[in-house]
Structure formats: C-alpha cells, structure tokens
Amino acid sequence: MIAANNNDKNIKYDEFGDFICSLGIKNLPDIWGTMWDEAQKAYPGEQNMKFLTQEFISEVNKYLKLPEGAIDAFNIAVNIIKNNEALARLLWLNHYILFKDEIEGASNVLSDKKPVRFTFPDFSQPDADFSREGISFSGMFLAVLLISGLPRLLKFYGKHGIPERVILDTLSDIDIWMRDYYDKNKVWGLREFWWIYNHFSGRLFRIGRLQFIHARFTGDLKAFRNINTGKVISLSNAGIKFRTDGLVDGTNDIYDPEGGWVSDYWEDENTVRGNPISPLGYAENRTIELSKKEWKEVLSKGSPVLDVHIAAGSKLSHEACGESFKSSVEFFNKYFPEIEFCGFMCTSWLLDSQFQKILSWDTNIVKFQREFYLYPVKSNDVQTFERVFNSRPDDIENLKAETSLQKAILDYVRKGNKMHAGAMFLLKDDLKHWGSAIYQKD
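See below:
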C-alpha cells in the first residue's frame with residue numbers, strides 16, 4: 115500500500131499498481147507503467163495541485179458555464195481525490211501523460227505523430243465505493259482530469275488570438291455531454307472523454323452551429339471535376355465490396371454473397387476508369403471512363419480537409435449551417451493560415467439518404483444533406499436510435515413516437531427497412547453554391 119507521504123516521489127509502479135488493483139481498478143493501461151517513473155519525479159503532492167481546488171473549479175467555470183449541480187459534483191470529486199494519495203497520484207499520472215507538453219498547433223494533426231489514446235480501466239468498484247457521495251467516480255474522475263488541461267488550452271488560444279466567442283462555443287460541449295450523462299445516469303459525470311480531448315488538444319473548434327477538425331479525408335473514393343462545366347463525379351477506390359443496393363457489404367450486418375460485387379479502379383496517362391458513386395450515397399455497378407484532359411482530380415483518400423461534426427443541443431438550421439461552413443474558411447485562413455484544406459467531410463446518422471424518402475424536402479435534415487456529395491460507409495442504425503430515441507432497444511415494436519422524426523423512422527423501419535449512417539464531402543470551391551444542392555440537383 116502507498117505510504118501517506120506526498121513528498122515521496124520514488125514509489126515503485128508495482129506497489130502503486132497493487133494498491134490501485136486493491137481498489138478494484140483492473141486492466142491498467144500499458145502507458146501508465148511506461149510513464150510512471152517520469153511522472154512521479156514531477157509529482158507536486160496532492161495538496162499542491164492547483165486543479166484540485168475549489169478556486170480552480172470556480173475559475174474555469176467562467177469558460178465552461180456549468181450548472182450548480184455539476185460544480186458541486188466537481189468539488190466533491192476534487193476533495194475525494196485530494197484526500198486520497200493513490201487517487202491523486204493516479205490523476206497526476208494521467209494529467210502528466212496528456213497535458214505536460216505544449217500544444218504544437220492545429221496543423222500537427224496531419225503529421226505522422228500519433229495522438230495519445232488508451233483505454234481507461236474499469237472503475238466499477240470505486241463507483242460503488244463513492245456512490246454514497248452522490249457522484250460517479252469514473253465519470254467525475256475523467257471530468258476532473260479533462261479540465262486540468264484547460265490552462266494549457268487557454269494558453270494555446272491566447273497565442274493564436276482565438277476569439278472569446280469561439281472559445282466559449284467550443285467548450286460548451288462539456289456542458290452538453292455532462293448534462294447528457296446526468297440525464298442518463300441521474301448523477302453527474304462525463305463519458306465522452308476522448309471526444310472532448312480533441313477540444314483540449316487544440317484540434318477542434320466550434321464555429322457557429324458546427325464543429326471542425328483539421329484532418330485527412332477518409333473516404334474510399336476519388337473525386338473529379340470537369341474543367342469546362344464544373345460538374346463533380348466520384349469513383350470508388352478499388353477493392354471495396356458493395357451489395358446489390360450499392361451500400362458497403364456488411365452495412366447493418368447484412369451481407370450479399372450472391373449479388374455483391376467488388377469495385378475496380380484503373381488509370382493511365384490519359385484516362386481514369388471505375389465505378390461511380392452516386393451523390394445520393396450509393397455505389398453503381400457499372401463502369402465509366404473519364405478523360406484526364408477534361409476531368410481534374412480534386413479529392414482522394416488522405417487529402418487535407420475539415421472534418422465536420424454536428425454539435426447536439428441546437429436545431430440544424432440550413433442557414434446557420436451554411437454560415438458555419440463559410441465562417442470556418444475565414445477562421446482557419448485568419449488564425450491558422452498555414453493550414454490548407456480542399457473541402458469538408460462528415461460521417462453521421464443525419465447523412466442517411468433514406469431521409470429524403472421519409473421526410474419532406476423542407477425539413478432541416480433533408481435540406482442539410484442535399485448540399486453534399488453523399489457516399490456509403492459501413493455502418494448500422496445504432497447512432498440513429500441513440501440520437502433520436504436515446505437508445506437502441508432489441509424490440510422496436512414497443513418504442514413510442516412522440517415527434518414527427520420518430521414517427522417517420524418507426525413507420526419506415528417497421529416496414530422492414532434499415533436506417534444507417536452515411537458520409538459526405540463538400541469541396542471548398544463549391545461553398546459559393548450553398549443552397550442550390552450543387553451535387554444532387556441533377
């Protein structure tokens with residue numbers, strides 16, 4: 115067991131691991147062992163960690179705008195950790211791993227350096243031990259760890275002159291996801307740690323209605339633009355197995371061994387040939403040929419783009435989304451001029467083109483997805499049901515529809531259909547056409 119001496123920085127990892135396991139925390143990440151000695155040499159003592167004070171919680175809430183109940187949970191959690199040396203050292207270890215280095219810059223996401231990611235262990239036993247305090251230990255431990263990195267993030271924002279409105283909007287995700295945790299568990303906590311770590315790494319910015327991360331395009335396709343007409347056509351990369359319906363084989367765990375087919379792609383100095391992807395989000399089992407004299411490649415897997423995420427908590431206003439896209443270009447040009455990107459990508463349940471069959475065309479969802487070139491990705495209906503119904507039950511027959519969206523989905527699914535996620539791209543040069551459904555209007 116760890117001795118109650120916060121000045122001792124030479125505690126062996128094996129001793130610490132035994133003690134943590136005695137708390138019921140098992141399957142410790144390998145990186146904890148790798149970084150333990152280095153982190154403990156810098157250990158300041160649990161009473162000297164500024165982020166384990168009520169003053170710190172109060173100060174950071176000027177940016178987080180959390181409700182009183184969440185702040186109370188933070189104060190309970192930091193008091194528990196501060197008065198338990200093992201938990202304090204555990205928090206410090208993770209803080210050291212994740213936040214000791216300065217943020218290198220938003221452009222760093224395109225380097226070969228892989229971001230730190232690891233699976234947090236099972237905290238079920240500490241959760242039971244601390245339930246009497248009215249908090250989720252696992253949820254609040256991660257929340258405390260996350261906000262311990264806020265000073266580093268604010269320094270990065272200050273260095274680049276990021277506007278306060280963007281800072282507050284970006285950090286509002288913490289409030290959104292802590293409220294979601296409370297609604298589902300009736301105690302305060304945070305589950306989406308690694309998602310919000312994007313914010314705290316200076317990678318993600320909320321600009322108006324939408325969130326943007328500089329990334330590389332992940333779609334298995336190549337897009338070409340006609341140099342005379344401006345029309346865009348995309349061709350599937352080779353080796354992708356599709357079903358008869360043009361969706362990726364295995365979507366909704368449904369495979370098509372008899373009617374399925376595999377895409378092909380070929381090119382030489384003058385021509386490209388392959389299977390087209392419809393802008394409505396499915397692959398076509400036919401081959402087309404494009405002349406390189408008339409068609410220029412404008413997007414492929416690995417191209418620099420802005421990865422778009424749709425924040426919860428607000429309506430998907432078509433006008434607001436258009437302004438968000440346009441403002442994102444202005445934002446990155448002004449604050450990160452070194453960053454280049456040719457367009458945008460997004461994967462979401464909202465990009466299932468089946469919504470164009472079951473919803474009217476004046477709905478926000480349909481108007482939103484019609485602005486993009488949709489393409490298929492292997493997915494399922496879990497996210498759809500989680501976002502629309504809060505969960506995906508085994509038996510959907512007992513689900514009740516209270517909104518028009520819920521009714522439309524249930525009516526469609528009960529007829530034997532399957533919802534799924536979809537993906538999109540939008541080329542930066544086509545932003546000027548927002549409102550015209552430039553890719554789908556034909």
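If you count by this note's numbering, then the sequence shown holds residues 115 to 556, one letter each, in order.
Where a beta carbon is used, it is the ideal one built from N, C-alpha and C, also for glycine.
Exercise. Identify every run of the alpha helix (DSSP H) within the segment 118-196, keeping only runs that are complete inside it and at least 4 residues long; order them along the chain.
Key: Fully enclosed alpha helix (DSSP H) runs of 4 or longer: 127-136, 144-155, 168-178, 182-196.
Quiz prompt | Cβ distance (whole Å) where M254 is taken to contact A200 below 8 Å | solution = Between A200 and M254 the Cβ distance is about 16 Å, and since that is not below 8 Å, they are no contact.
Practice problem: Give me the Cα-Cα distance between E408 and K345, rounded to the nearest whole angstrom. | Solution: It is roughly 11 Å from the alpha-carbon of E408 to the alpha-carbon of K345.
Quiz prompt | Counterpart residues of K410 in DSSP-defined beta bridges | solution = Beta-bridge pairing links K410 to R339.
Exercise. Excluding the 5 residues preceding and the 5 following R501 in the sequence, name in chain order all residues of the same chain whose CB lies nearer than 7 Å to its CB.
Key: Around R501: W463.
Practice problem: Per DSSP, which residues does L324 bridge with? Please list them. | Solution: Paired residues: I321, I424.
Exercise. Please classify R352: is it buried, with 16 or more other beta-carbons within 10 angstroms of its beta-carbon, or exposed?
Key: Note on identity: in this sequence residue 352 is Ala, with Arg being the wrong assignment. With fewer than 16 other Cβ atoms within 10 Å, it is exposed.
Quiz item: To which residues does DSSP link Y379 through a beta bridge?
Solution: Looking at the DSSP output, Y379 sits in a beta bridge with G388.
Self-check item: Enclosing alpha helix (DSSP H) for F213 [first to last residue]
Solution: Its alpha helix (DSSP H) spans residues 199-213.
Quiz item: For the alpha helix (DSSP H) that V362 lies in, which residues bound it at each end?
Solution: Segment: none, V362 is in no alpha helix (DSSP H) and carries neither H nor E.
Quiz item: What did DSSP end up calling A434 once you bin it into helix, strand or coil?
Solution: Note: A434 maps to helix in three-state DSSP.
Quiz item: Is the segment 386-403 touching the segment 485-501, taking contact as three or more C-beta pairs under 8 Å?
Solution: These segments touch.
Quiz item: Just reading off the alpha helix (DSSP H) that V346 is part of, what are its end residues?
Solution: It is not in any alpha helix (DSSP H) - V346 instead sits in the beta strand (DSSP E) that spans 346-350.
Exercise. Mind the definition here: the segment 327-338 touches the segment 417-425 only if three or more C-beta pairs lie below 8 Å; say whether that holds.
Key: Under the Cβ criterion (8 Å, minimum of three pairs), the segment 327-338 counts as touching the segment 417-425.
Quiz item: Where are the alpha helix (DSSP H) runs, 4 residues long or more, that stay fully inside the segment 247-285, in chain order?
Solution: For the alpha helix (DSSP H) assignment, the uninterrupted runs of no fewer than 4 residues enclosed by the segment 247-285 are, from N- to C-terminal side, 251-261, 264-274.
Quiz item: Could you give the residue range of the beta strand (DSSP E) that holds E403?
Solution: For E403, the enclosing beta strand (DSSP E) has its first and last residue at 402-405.
Exercise. Alpha carbon to alpha carbon, how far is L413 from N389? Give it in angstroms, no decimals.
Key: Per the coordinates, the alpha-carbon of N389 lies some 16 Å from the alpha-carbon of L413.
Practice problem: Could you have a look at L541 and say whether DSSP puts it in helix, strand or coil? | Solution: Three-state DSSP puts L541 in a strand.
Exercise. For E216, count neighbouring Cβ atoms within 10 angstroms of its own Cβ and tell me buried if that reaches 16, exposed if not.
Key: With fewer than 16 other beta carbons inside 10 angstroms of its own, E216 counts as exposed.
Self-check item: Own chain, CB closer than 8 Å to L465, minus 5 neighbours either side, in chain order
Solution: Excluding sequence positions up to five before and after L465, its CB lies within less than 8 Å of the CB of G395, Q483, F486, L488, A535, G536, A537, M538, all in the same chain and listed in chain order.
Practice problem: Just mark T365 as buried or exposed, buried being the case when its beta carbon has 16 or more other beta carbons within 10 Å. | Solution: In summary, T365 is buried, with 16 or more beta-carbon neighbours lying within 10 Å of its beta-carbon over all protein chains present.
Self-check item: Validate contact between the segment 549-556 and the segment 437-446 using beta carbons, cut 8 Å, 3 pairs
Solution: Counting Cβ pairs under 8 Å, fewer than three are found: no touch.
Self-check item: Segment contact flag, the segment 296-306 with the segment 252-266, C-beta cutoff 8 Å, min 3 pairs
Solution: Three or more Cβ pairs drawn from the segment 296-306 and the segment 252-266 lie within less than 8 Å of each other, which places the two stretches in contact.
Quiz item: Taking C-beta to C-beta, are V376 and K355 nearer than 7 Å?
Solution: Yes, these two residues count as a Cβ contact at 7 Å.
Practice problem: Tell me, to the nearest whole angstrom, how far the beta carbon of R320 is from that of H328; I am working on the premise that it is less than 8 Å. | Solution: About 14 Å separates the Cβ atoms of R320 and H328, ruling out a contact at the 8 Å cut-off.
Quiz prompt | According to DSSP, residues forming a beta bridge with T461 | solution = The partner list for T461 (beta bridge, DSSP) reads A537.
Quiz item: Mind checking K298: buried by the 16 CB within 10 Å criterion, or exposed?
Solution: Of the other Cβ atoms in all chains shown, fewer than 16 fall within 10 Å of the Cβ of K298; this residue is therefore exposed.
Quiz item: Whose CA, out of Y295, Y296, W309, lies closest to the CA of L285?
Solution: For L285, the nearest C-alpha among the options comes from W309.
Quiz item: Closest by CA to G147, which one among K126, L166, E516, F165?
Solution: Of K126, L166, E516, F165, the smallest CA-CA separation from G147 is found for K126.
Quiz item: Taking DSSP as the reference, what is the three-state secondary structure of D525?
Solution: The three-state secondary structure of D525, taken from DSSP, is helix.
Quiz prompt | Collapsed DSSP secondary structure at F503 in the structure displayed | solution = In the structure shown, F503 sits in a helix (DSSP, three-state: H, G or I).
Quiz prompt | Contact set for Q168: own chain, Cβ-Cβ below 8 Å, skip 5 residues either direction | solution = Excluding positions up to five away in sequence, the list reads N189, V192.
Self-check item: Candidates G427, Q468, A187: closest to D495 by CA position
Solution: Residue Q468 is the option with its Cα nearest to D495.
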